[in-house]
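Student: Going line by line, the protein sequences match chains F and V. Numbering-wise, the first sequence is residues 1 to 228 according to this note's numbering. Numbering-wise, the second sequence is residues 1001 to 1275 according to this note's numbering. A single structure is presented below for examination.
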Amino acid sequence: MIEVQEIKKKYGRKRVLDGVSFTAEKGEITCLIGINGSGKTTILKSIMGLTPYRGTVLIDGKPLTHHTYEKLTFIPDAITMLANMQIGDAMDFMKDFYQSWNEARAEELLGFFKLKKEDRISDLSKGNTAKANLLLGLALDADYLLMDEPFSGIDIFSREQIADVFTSHLIENRGVIITTHEINEIEQLIDKAVLLDDGKVLKAFSTEEMRLTEGKSVVDVMREVYQA
Amino acid sequence: MKFLKLLNFELNRFSKFYYLLVAAIVLIQLSLAAYIVNDYMKMIKASLRSGQTMPDFLESNGKISILNVTETDLFMVSVVLGVLVLGIYLFFIWYRDWFGKHTFIYRLLTLPASRMNMYFAKAAAILLMIFGLLAVQVFLLHVIALIIETWVPGNYRSEINFYHLLEASQLILVLPHSFIGLLCSYGAGLVVLFTLFTSILLERSYRLRGVILGGIYALIAILVFTIPLWYNILFKQAVSLYPDEERMAMFATGLAVVIGSILLSRYLLKHKITV
């Protein structure tokens, strides 16, 4: 389980996170929802140790160390490999550095996303860049995946293909934290929603419970919370 | 093991540019040597044609030596070019990972290995490239000496051994002729390298505030490193240090700055770095 406890963060004088707390379980998809600037990406960076913060983040009850990166992977909205690399080179790089790299799954993902090892990263379209990014993250046998805006600025067919990942075995038994300001693609797939605004958690709830007890969808709750 | 992989990766990333740099230096220095030797030979031939004797020629033109090549402005430009490019690379090796469409720093900082591996891989890559250029330079000096030896008759050239060449030329700045000199020059280089790395990491951690902090850190590091020099200036009337003592003291202060820089960088990479 990823436990985020009372995280606070300032950029200069601007407070971007103001006591954010939530948990994300293994085997669940937790979605951080909020408009641009609500602090979604900063939360993911804080969990990954990519920016300093106040508060506590625990991964399976322990603070982050470099060993944790074998079981916790970040898929940001820009590719994290060098532009002049081919996808095959990027896969080799991952294989070299991560014990949790799963070559068979990487090959499967190549086929799933219809990418080729010879494709140069700098030549990829925005949609294919997002897919290559997902490939490099998903091919790790990591327990937790942190995805930052995976649907942002890409065409409808790529969106569908990426959305298919969430219903596939590729993320089975893994904990996923995904940020988005466009909920439509994955509304039916998420287990937990955390609504953010101005660096604060406005509401965190189990989507299943919300549907069963109050008969409301995520979008219904968003309307209620944000319009209020 | 991960350090070696990262070092190999860093070297490969810059290799094309580095080979270009080496090729440019080789081209400049060998062309210059060929041009100077050819010019000298033309002068010998012209003087012989005009009936001038060898002693007359040597009296007015002197014997040629490797110093005729190494002391030209163009030769020094080629040496400075190498120093300048690697100086810029010292900053580029960090900043290229942060900027651009593909932010590789995300990957580097989330590798399942201590972030100090990345830090030392970058430092080692720069050091290896510096020593690589030095090796090329030493080799080129021998080739230039060979060019002179092959083209110019023995009576018209003066032989200068390697030790005296370094002693007599400005090359002593990059190629010290004694082991102690080498330790001093490259020890100071190490101090500069690790101080600048720390200043860059301060900037990457605190951004605008970090520029000021980085500047202050660099200033403090220089002050600490040069304490023995200041001591001699301030207390020369009382008890000043002998040259050997001064070198030892600078070795100690340099070591303190390097260790301090590494420890501060470690703290910044672990707790303060921001992507």
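Idealized CB from N, CA, C, for every residue including glycine.
From V/Lys1272 to V/Val1083, what does the alpha carbon distance come to, in whole angstroms?
Tutor: Near 31 Å, if we compare the C-alpha coordinates of V/Val1083 and V/Lys1272.
Student: Which parts of the region 51-119 of chain F are runs of the beta strand (DSSP E), unbroken and 3 residues or longer, counting only runs that do not cross its ends?
Tutor: You should have 54-59 and 72-75.
Student: Whole-angstrom Cβ separation of F/Val218 and F/Lys203, contact assumed at under 8 Å?
Tutor: That belief does not hold up - the Cβ atoms of F/Val218 and F/Lys203 are roughly 10 Å apart, past 8 Å.
Student: When you compare the region 131-138 of chain F with the region 103-122 of chain F, are there three or more beta-carbon pairs, one atom per stretch, that lie closer than 8 Å?
Tutor: Cβ pair count under 8 Å is three or more, so yes.
Student: I'd like to know if V/Val1191 contacts chain F, where contact means its C-beta is closer than 8 Å to some C-beta of that chain.
Tutor: For V/Val1191, the answer is no, since every Cβ of chain F falls outside 8 Å of its Cβ.
Student: Compare the C-beta of V/Arg1266 with all C-beta atoms of chain F and state if any pair is closer than 8 Å.
Tutor: By this cut-off, V/Arg1266 is not an interface position.
Student: Within 8 Å (strictly less), CB to CB, does F/His66 reach chain V?
Tutor: It does; some Cβ of chain V falls within 8 Å.
Student: Candidates V/Ser1199, V/Ser1060, V/Leu1067 and V/Leu1263: which alpha carbon is nearest V/His1164's?
Tutor: Checked all of V/Ser1199, V/Ser1060, V/Leu1067 and V/Leu1263; the closest Cα to V/His1164 is V/Leu1067.
Student: Ignore the nearest five residues each way along the sequence and tell me which others in V/Asn1232's own chain have a CB closer than 6 Å to its CB.
Tutor: Around V/Asn1232: Ser1240 and Leu1241.
Student: Quick one: Cα of V/Gly1260 to Cα of V/Leu1020, how far?
Tutor: Their Cα atoms are separated by approximately 35 Å.
Student: Entirely within the region 1147-1200 of chain V and at least 4 residues each: give me those alpha helix (DSSP H) ranges in chain order.
Tutor: Runs found: 1162-1168.
Student: To the nearest whole angstrom, what separates the beta carbons of V/Val1037 and V/Ile1147, a pair I think is in contact under 8 Å?
Tutor: The pair is a contact, with the Cβ atoms about 6 Å apart (cut-off 8 Å).
Student: List, in order along the chain, the chain F residues whose C-beta lies closer than 8 Å to that of V/His1271?
Tutor: Per Cβ cutoff of 8 Å: Pro52.
Student: With a CB to CB cut of under 6 Å and the five nearest residues on each side skipped, what residues in its chain are close to V/Asn1117?
Tutor: Taken in chain order, the residues that qualify are Lys1002, Phe1003 and Leu1006.
Student: How many Å lie between F/Leu189 and F/Thr30 at the Cα?
Tutor: Going from the Cα of F/Leu189 to the Cα of F/Thr30 covers about 10 Å.
Student: In the DSSP assignment, what residue or residues form a beta bridge with F/Tyr11?
Tutor: DSSP output for F/Tyr11 lists F/Lys14 as bridge partner(s).
Student: Can you pull out the residues from the region 96-108 of chain F whose beta carbon lies closer than 9 Å to at least one beta carbon of chain V?
Tutor: Flagged, chain order: Asp96, Phe97, Tyr98, Gln99 and Ser100.
Student: Taking F/Thr80 as the query, report the chain V residues whose CB atoms sit under 9 Å from its CB, ordered along the chain.
Tutor: Per Cβ cutoff of 9 Å: His1102, Thr1103, Phe1104, Ile1105, Tyr1106, Arg1107, Leu1108 and Thr1110.
Student: Which class does V/Gln1029 belong to by DSSP, given the choice of helix, strand or coil?
Tutor: It is helical.
Student: Is F/Ile190 helix, strand or coil by DSSP?
Tutor: Note: F/Ile190 maps to coil in three-state DSSP.
Student: Flag this pair as yes or no: are the beta carbons of F/Ala163 and F/Glu185 separated by less than 8 Å?
Tutor: Yes, Cβ-Cβ distance for F/Ala163 and F/Glu185 is below 8 Å.
Student: Does any CB atom of chain V fall closer than 8 Å to the CB of F/Ile29?
Tutor: Not an interface residue.
Student: Kindly list, in the order they appear in chain F, the residues whose Cβ is closer than 8 Å to that of V/Ser1114.
Tutor: The contacting residues are His66.
Student: Listing by chain order, which chain F residues have their CB less than 7 Å from the CB of V/Val1275?
Tutor: Those are Lys45, Leu50 and Thr51, listed as they occur along chain F.
Student: Give a yes or no on whether the minimum CB-CB distance between V/Lys1122 and chain F is below 8 Å.
Tutor: No, no contact with chain F.
Student: Give the single residue among V/Leu1027, V/Gly1181, V/Pro1112 and V/Lys1042 whose Cα lies nearest to the Cα of F/Thr65.
Tutor: Among V/Leu1027, V/Gly1181, V/Pro1112 and V/Lys1042, the Cα nearest to that of F/Thr65 is on V/Pro1112.
Student: Using DSSP bridges, identify the partner residues of V/Tyr1040.
Tutor: Per DSSP, none; premise fails for V/Tyr1040.
Student: Helix, strand or coil, according to DSSP, for F/Lys26 in the structure here?
Tutor: F/Lys26 falls in the coil class under three-state DSSP.
Student: Based on Cα-Cα distance, which residue from V/Lys1063, V/Leu1202 and V/Leu1086 lies nearest to V/Leu1134?
Tutor: For the residues V/Lys1063, V/Leu1202 and V/Leu1086, the minimum Cα distance to V/Leu1134 belongs to V/Leu1086.
Student: Bridge partners of F/Gln5, per DSSP?
Tutor: In DSSP, F/Gln5 forms a bridge with F/Thr56.
Student: Against V/Lys1002, what residues of chain F qualify as contacts under a CB-to-CB distance less than 9 Å, listed in chain order?
Tutor: Result: Asp96 and Phe97.
Student: Could you check where the beta strand (DSSP E) with F/Met147 kicks off and where it finishes?
Tutor: F/Met147 -> beta strand (DSSP E) spans Tyr144 to Asp148.
Student: Return the first residue and the last residue of the alpha helix (DSSP H) that V/Leu1074 is part of.
Tutor: V/Leu1074 -> alpha helix (DSSP H) spans Asp1073 to Trp1098.
Student: On a Cα-Cα basis, can you pick out the residue from V/Asn1012, V/Gln1029 and V/Met1041 that is closest to V/Ile1144?
Tutor: It is V/Gln1029 whose Cα lies nearest to the Cα of V/Ile1144.
Student: What are the boundary residues of the alpha helix (DSSP H) that includes F/Ser206?
Tutor: Element bounds for F/Ser206: not the alpha helix (DSSP H) but the beta strand (DSSP E), Lys200 to Ser206.
Student: Pull the bridge partners of F/Leu140 from the DSSP assignment, please.
Tutor: In the DSSP output, where bridge partners are listed per residue, F/Leu140 has F/Trp101.
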